[in-house]
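Reading the sequence shown from the start, the letters are residues 4 to 406 in this note's numbering. Each residue gets a CB set at the ideal place from its N, CA and C atoms; glycine is no exception.
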Amino acid sequence: MNNTDYSESAFSTTMIHAGQHKDPENGALVTPIFQTTTFAFDNMDVPAAIYTGKKPGCTYTRVKNPTTIQLEDKMALVEGGEACVATSSGVGAIGSTILSLLGAGDHIIAGKVVYGITQVMLHHFKRFGMEVTQVDTSDLQAVEEAIQPNTKMIYLETPANPTLVISDIEGCARIAHEHDALLMVDGTFAPPPIQFALKLGADIVVHSSTKYLCGHGDAIGGLVIGPKKYIDMIRVDGIKSICGDCPSPFNSWLTLRGMKTEAIRVKLHCENALKLAKFLERHPYIKSVRYPGLESHPQHELAKHQMNGLYGGIVTFEMNDIGPKSGFEVCTDLLNNLKVVTLAVSLGEVDSLIEFPAGMTHRTCTKEELKAAHITDRMIRFSVGLEDADDLIHDFEQAFAKI
Ligand SMILES: *Cc1c(COP(=O)(O)O)cnc(C)c1O
Numbered sequence: 004m005n006n007t008d009y010s011e012s013a014f015s016t017t018m019i020h021a022g023q024h025k026d027p028e029n030g031a032l033v034t035p036i037f038q039t040t041t042f043a044f045d046n047m048d049v050p051a052a053i054y055t056g057k058k059p060g061c062t063y064t065r066v067k068n069p070t071t072i073q074l075e076d077k078m079a080l081v082e083g084g085e086a087c088v089a090t091s092s093g094v095g096a097i098g099s100t101i102l103s104l105l106g107a108g109d110h111i112i113a114g115k116v117v118y119g120i121t122q123v124m125l126h127h128f129k130r131f132g133m134e135v136t137q138v139d140t141s142d143l144q145a146v147e148e149a150i151q152p153n154t155k156m157i158y159l160e161t162p163a164n165p166t167l168v169i170s171d172i173e174g175c176a177r178i179a180h181e182h183d184a185l186l187m188v189d190g191t192f193a194p195p196p197i198q199f200a201l202k203l204g205a206d207i208v209v210h211s212s213t214k215y216l217c218g219h220g221d222a223i224g225g226l227v228i229g230p231k232k233y234i235d236m237i238r239v240d241g242i243k244s245i246c247g248d249c250p251s252p253f254n255s256w257l258t259l260r261g262m263k264t265e266a267i268r269v270k271l272h273c274e275n276a277l278k279l280a281k282f283l284e285r286h287p288y289i290k291s292v293r294y295p296g297l298e299s300h301p302q303h304e305l306a307k308h309q310m311n312g313l314y315g316g317i318v319t320f321e322m323n324d325i326g327p328k329s330g331f332e333v334c335t336d337l338l339n340n341l342k343v344v345t346l347a348v349s350l351g352e353v354d355s356l357i358e359f360p361a362g363m364t365h366r367t368c369t370k371e372e373l374k375a376a377h378i379t380d381r382m383i384r385f386s387v388g389l390e391d392a393d394d395l396i397h398d399f400e401q402a403f404a405k406i
């Protein structure tokens with residue numbers, strides 16, 4: 004492990020160097036891909052020492068792998084956490100963490116607006132005997148009022164997908180800790196250097212590294228960062244024994260490669276998103292725009308403090324009815340006519356991606372379910388990529404002209 008202290012380094016330096024160890028045999032600068040399932044032992048002393056924790060080392064890639072360890076070490080240093088464990092996906096990171104740390108009879112307070120599959124997962128947790136209360140976690144009073152004697156965790160996503168509601172991490176951490184509960188934050192929409200959830204008081208932060216951290220749309224993965232005692236439990240109980248939720252060495256390598264440029268990519272995503280949000284906010288076809296960096300965002304002041312003035316790369320907007328066309332039809336027309344922006348789910352990639360929840364991912368939801376998730380029938384989620392901002396604006400202009 005590279006023990007250099009990066010706490011005083013600029014973020015981009017940390018992102019490139021932290022966790023990186025030079026290959027002792029050949030001096031390879033870039034982390035090799037250790038594409039192996041198992042690790043040969045010279046004699047019985049070696050496994051005896053590893054299995055009893057007397058010596059570090061790998062025995063089997065489901066539990067530890069040298070490529071994945073470099074990713075974990077880098078991310079722990081980047082977030083300023085004690086330890087990190089990598090998982091096969093962001094959903095895996097959330098599931099393995101909760102299944103490792105909580106059990107039947109425990110109560111979770113979760114945000115009302117969470118990633119779609121997280122919502123499904125919360126239903127399954129009830130099947131396993133956990134209690135789940137969903138509240139608007141941007142309302143600290145509602146969080147406080149939901150506390151029960153068996154509350155073990157407050158779980159929130161900030162900014163939330165796709166409504167970009169911001170929850171106050173410091174405020175929720177205070178409430179959690181007053182009641183001996185953990186605060187777990189899904190920080191996928193705002194990875195460092197935008198938001199440092201642990202430094203704001205969260206106990207555990209999870210990321211879908213599929214999004215900004217990998218950044219190139221070629222590897223699914225998840226990362227959990229927090230105190231070593233919890234990360235060890237997640238690795239041993241959740242990943243080794245319950246969920247088998249390990250990344251492939253190649254995906255860990257792709258994520259490591261993506262992370263080297265994350266600092267500069269994220270800055271540009273944020274700059275482009277602000278330009279596009281301002282363009283859309285002025286356009287007569289647009290009913291409303293949600294972006295934490297706009298003064299019109301109801302929690303702009305909180306976002307300014309909590310997101311280091313960077314605000315992320317996702318813009319959510321609603322279309323007006325135009326002539327005889329409903330907002331839903333207008334959204335469909337717009338998405339059928341964009342040329343540079345790609346119609347696809349996922350986010351946080353170099354390519355701009357756009358999705359229409361009511362017409363795509365949430366198409367089978369009832370009106371009540373959409374309302375509960377604050378998703379309207381004319382709402383579009385736009386992941387602003389790294390193309391030239393003027394080209395993106397022109398793409399919208401030509402598509403608007405065809406509506
Ligand atoms: C994509 C996403 C996830 C799930 O991550 P996967 O890597 O796709 O499993 C979880 N939370 C948020 C906020 C996401 O955007």
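Coarse secondary structure for residue i, derived from DSSP in three states
{"i": "residue 233", "result": "helix"}
{"i": "residue 160", "result": "strand"}
{"i": "residue 54", "result": "helix"}
{"i": "residue 45", "result": "coil"}
{"i": "residue 87", "result": "strand"}
{"i": "residue 357", "result": "strand"}
{"i": "residue 310", "result": "coil"}
{"i": "residue 168", "result": "coil"}
{"i": "residue 4", "result": "For residue 4, the predicted model reports a pLDDT of 42, less than 50, meaning its position is unreliable; a value from the coordinates is still stated below. Correct three-state label for residue 4: coil."}
{"i": "residue 263", "result": "helix"}
{"i": "residue 33", "result": "coil"}
{"i": "residue 289", "result": "strand"}
{"i": "residue 370", "result": "helix"}
{"i": "residue 102", "result": "helix"}
{"i": "residue 281", "result": "helix"}
{"i": "residue 216", "result": "coil"}
{"i": "residue 412", "result": "Outside the displayed range of the chain (4 to 406) lies residue 412, so it cannot be described from this structure."}
{"i": "residue 405", "result": "coil"}
{"i": "residue 203", "result": "coil"}
{"i": "residue 328", "result": "strand"}
{"i": "residue 346", "result": "strand"}
{"i": "residue 198", "result": "coil"}
{"i": "residue 92", "result": "coil"}
{"i": "residue 147", "result": "helix"}
{"i": "residue 13", "result": "coil"}
{"i": "residue 142", "result": "coil"}
{"i": "residue 270", "result": "helix"}
{"i": "residue 73", "result": "helix"}
{"i": "residue 252", "result": "helix"}
{"i": "residue 182", "result": "coil"}
{"i": "residue 244", "result": "helix"}
{"i": "residue 193", "result": "coil"}
{"i": "residue 298", "result": "coil"}
{"i": "residue 389", "result": "coil"}
{"i": "residue 122", "result": "helix"}
Paired residues, beta bridge with residue i - DSSP
{"i": "residue 211", "result": "225"}
{"i": "residue 137", "result": "113"}
{"i": "residue 382", "result": "321"}
{"i": "residue 188", "result": "159, 208"}
{"i": "residue 154", "result": "110"}
{"i": "residue 63", "result": "41"}
Cutoff 6 Å; reference residue i; Cβ partners in own chain excluding five residues on either side
{"i": "residue 94", "result": "120"}
{"i": "residue 344", "result": "355, 357, 398"}
{"i": "residue 209", "result": "96, 97, 189, 227"}
{"i": "residue 60", "result": "53"}
Nearest-angstrom beta carbon gap, residue j and residue i [assumed within contact, 8 Å]
{"i": "residue 215", "j": "residue 147", "result": "Contact flag wrong, Cβ pair sits at about 32 Å."}
{"i": "residue 311", "j": "residue 405", "result": "The Cβ separation is near 38 Å, so there is no contact."}
{"i": "residue 355", "j": "residue 304", "result": "That pair is no contact at about 28 Å."}
{"i": "residue 137", "j": "residue 114", "result": "7 Å"}
{"i": "residue 267", "j": "residue 15", "result": "7 Å"}
Chain-order list of residues whose beta-carbon lies under 8 Å from that of residue i (same chain, five-residue window excluded)
{"i": "residue 66", "result": "238, 239, 242, 243, 249"}
{"i": "residue 143", "result": "171, 174, 175, 178"}
{"i": "residue 319", "result": "165, 166, 167, 292, 293, 294, 382, 383, 384, 385"}
{"i": "residue 273", "result": "197, 296, 313, 314, 315, 316"}
{"i": "residue 387", "result": "272, 275, 276, 279, 316, 317, 318, 355, 395"}
{"i": "residue 342", "result": "398, 401, 402"}
Close-in-space but distant-in-sequence residues of the same chain around residue i (CB under 7 Å, 5 per side omitted)
{"i": "residue 154", "result": "110, 112, 182, 184"}
{"i": "residue 219", "result": "261, 352, 353"}
{"i": "residue 253", "result": "36, 38"}
{"i": "residue 4", "result": "Bear in mind that the predicted position of residue 4 carries a pLDDT of just 42, short of 50, making it unreliable; the figure below should be weighed with that in mind. Contacts found: 24, 76."}
{"i": "residue 44", "result": "50"}
Exercise for review: Mind the definition here: the segment 308–328 touches the segment 191–202 only if three or more C-beta pairs lie below 8 Å; say whether that holds.
Suggested key: With the cut-off at 8 Å, the segment 308–328 and the segment 191–202 touch.
**Study point:** Inter-stretch contact (C-beta, 8 Å, three-pair minimum) for the segment 319–331 and the segment 376–391
**Key:** These segments touch.
Exercise for review: Could you say if the segment 241–252 and the segment 95–105 meet the contact criterion of at least three C-beta pairs nearer than 8 Å?
Suggested key: In short, these stretches touch, since the Cβ pair count reaches three.
Practice item. Give a yes or no on contact between the segment 81–93 and the segment 156–167, applying the rule of three or more CB pairs nearer than 8 Å. Key: Between the segment 81–93 and the segment 156–167 there are fewer than three C-beta pairs closer than 8 Å, too few to call the two in contact.
Review point. Is it true that the segment 200–216 meets the segment 341–360, where meeting means three or more beta-carbon pairs spaced less than 8 Å apart?
Key: Flag = yes, the segment 200–216 and the segment 341–360 touch.
Practice item. Examine the Cβ distances between the segment 354–371 and the segment 289–303 and report whether three or more of them are shorter than 8 Å. Key: Judged by Cβ distances under 8 Å, the segment 354–371 makes no contact with the segment 289–303, as fewer than three pairs qualify.
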